[in-house]
Amino acid sequence: TFAAMVPMQVYNTLGNAAEREKLEKIKILIIGGGSIDPELEKKIKDLPGNIYSTYGMTETLSHIALRRLNGEKASMHYMPFKTVHLSVANDDTLVIDAPLICNQTLYTNDIVRLYPDGSFVILGRKDNTINSGGIKIQPEEDERLLQPIIDVPFAITSVPDEKLGEAAILLLEQVSEEKLDDIKTVMRRVLPPYHIPHTIITIQKLPLAGNGKINRKRCREIAAELI
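Residues 228 to 454 in the numbering used here are what the sequence shown lists, from first letter to last.
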C-alpha cells in the first residue's frame, strides 16, 4: 500500500486510534507539503513501513529529494534525485537546478548544509534566523540538539535587545526547578557558547499552529510580553 500525506494529516491521524491503525498498514508513506515538527517526527519513528519526507517547491511541481524518517536507514539527510543539481548561495540557502522539470534556477529560503555525497540537511528557514550580536542562530537546528534533553514542548525564539540586536530565548512549558537546572546544565554542553539562550521563560502551553508546528510569530510575541 502506498500513500502520500501532508504533516497535518499525519498529526491528526496519529491522534485517532482507528485512523492510526490504518496508517500502520501502509507499506510506503511519503510526507510532503511542509516541514515536519521534531515532536511529530519522533512519533513517526515508531511506525512500521517505509516512511519518507519529501523536499520540493511549487516550481518543481513534485519533490526533488527524499529523506528516510524511520527504521535503520532513518537520516537527517535528504538525497536528491540523480537529475537534480544542488548548490548553496552566499547566504547559505539552497539553490536548485532541475532542468528536466524546471527551465530556471530556483532560489529557496531554506538554510542548508550540503555534503560531498550530494545530500543535504535543512537547518531552518532564512526568515527564522536570529542575529544575536552578529552570530546567526538557526532555532530549528538548536531545537534538534535540545530535543533529547527536554521532554516538554519548547521553542527557541528571540526578543529585541539593545546591545545584541536580538537575544535568544528558550520558551518552554512548565517543569520543576530541578529539571530546569538540569536543562541549563546540559544546554551549556550541547549548544555552541554564543547560542545559549540568554533567558528561559516557562509558560502554561507552547503556541502551536493548526498543523501542530510551532507558532513562531506567537512565540516571539509571548517572549516580548514576559521578558
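The C-beta atom is built at its ideal place from N, Cα and C for all residues, glycine as well.
State the start and end residues of the unbroken alpha helix (DSSP H) segment that holds residue i.
i: Glu248; result: Ala244 to Leu250
i: Tyr238; result: Pro234 to Leu241
i: Ser405; result: At residue 405 the sequence reads Glu, which differs from the Ser that was named. Per DSSP, Glu405 belongs to the alpha helix (DSSP H) from Glu404 to Val417.
i: Ile338; result: Careful: Ile338 lies outside any alpha helix (DSSP H), inside the beta strand (DSSP E) at Leu333 to Leu341.
i: Leu453; result: Arg443 to Leu453
Over what stretch of residues does the beta strand (DSSP E) that includes residue i continue unbroken?
i: Lys363; result: Ile362 to Ile364
i: Leu321; result: Thr320 to Asp324
i: Ile263; result: That residue, Ile263, is in no beta strand (DSSP E); it is neither H nor E in DSSP.
i: Glu393; result: Gly392 to Glu400
i: Val379; result: First-last for Val379: undefined, no H or E at that position.
i: Tyr279; result: Asn277 to Gly283
i: Phe308; result: Neither: Phe308 is in no beta strand (DSSP E) and is coded neither H nor E.
i: Ala292; result: His290 to Arg295
i: Thr426; result: Thr426 to Ile430
i: Asn358; result: Ile357 to Ser359
i: Leu350; result: Phe347 to Arg352
Can you check whether the CB of residue j is closer than 8 Å to the CB of residue i?
i: Asn336; j: Lys353; result: yes
i: Gly260; j: Val233; result: yes
i: Ile427; j: Leu397; result: yes
i: Val386; j: Ala451; result: yes
i: Ala382; j: Leu350; result: no
i: Leu256; j: Gly439; result: no
i: Glu393; j: Asn442; result: no
i: Thr240; j: Ile258; result: no
In whole angstroms, give me the CA-to-CA distance for residue i and residue j.
i: Gly283; j: Asp318; result: 20 Å
i: Leu399; j: Cys446; result: 10 Å
i: Pro275; j: Ile263; result: 18 Å
i: Tyr279; j: Met306; result: 11 Å
i: Leu372; j: Asn355; result: 17 Å
i: Gly298; j: Lys269; result: 12 Å
i: Val339; j: Gly360; result: 22 Å
i: Glu368; j: Ile328; result: 30 Å
i: Ile423; j: Asn330; result: 43 Å
i: Glu405; j: Glu448; result: 27 Å
i: Ala231; j: Arg295; result: 14 Å
i: Thr332; j: Ser403; result: 50 Å
i: Asn243; j: Leu453; result: 35 Å
i: Tyr421; j: Thr384; result: 14 Å
i: Pro366; j: Leu435; result: 16 Å
i: Ala245; j: Val379; result: 26 Å
Might you give, ordered along the chain, the residues of its own chain that have their beta carbon closer than 8 Å to the beta carbon of residue i, omitting 5 neighbours on each side?
i: Gly437; result: Met235
i: Leu407; result: Ile427 and Thr429
i: Arg247; result: Thr240 and Leu241
i: Gly345; result: Met306, Pro307 and Leu313
i: Lys249; result: Thr240
i: Met414; result: Leu373, Ile376, Leu397, Ile423 and Pro424
Note down, in chain order, each residue of its chain lying with its Cβ closer than 7 Å to the Cβ of residue i, except the 5 sequence neighbours on either side.
i: Leu341; result: Leu313, Val315 and Phe347
i: Ile410; result: Ile376 and Ile377
i: Tyr334; result: Ala316, Thr320 and Val322
i: Leu391; result: Ser359 and Gly360
i: Thr310; result: Ala325 and Leu327
i: Ile291; result: Tyr282, Gly283, Pro307, Phe308, Val311, Ile323 and Ala325
Kindly list the residues whose CB is nearer than 6 Å to the CB of residue i, restricted to its own chain and excluding five residues on each side of it in sequence; keep chain order.
i: Lys254; result: Thr228 and Gly276
i: Met303; result: Val348
i: Ala301; result: Arg295
i: Lys272; result: Asn297
Write down the C-beta distance between residue i and residue j rounded to the nearest angstrom, noting that I regard them as a contact closer than 8 Å.
i: Glu370; j: Pro265; result: 6 Å
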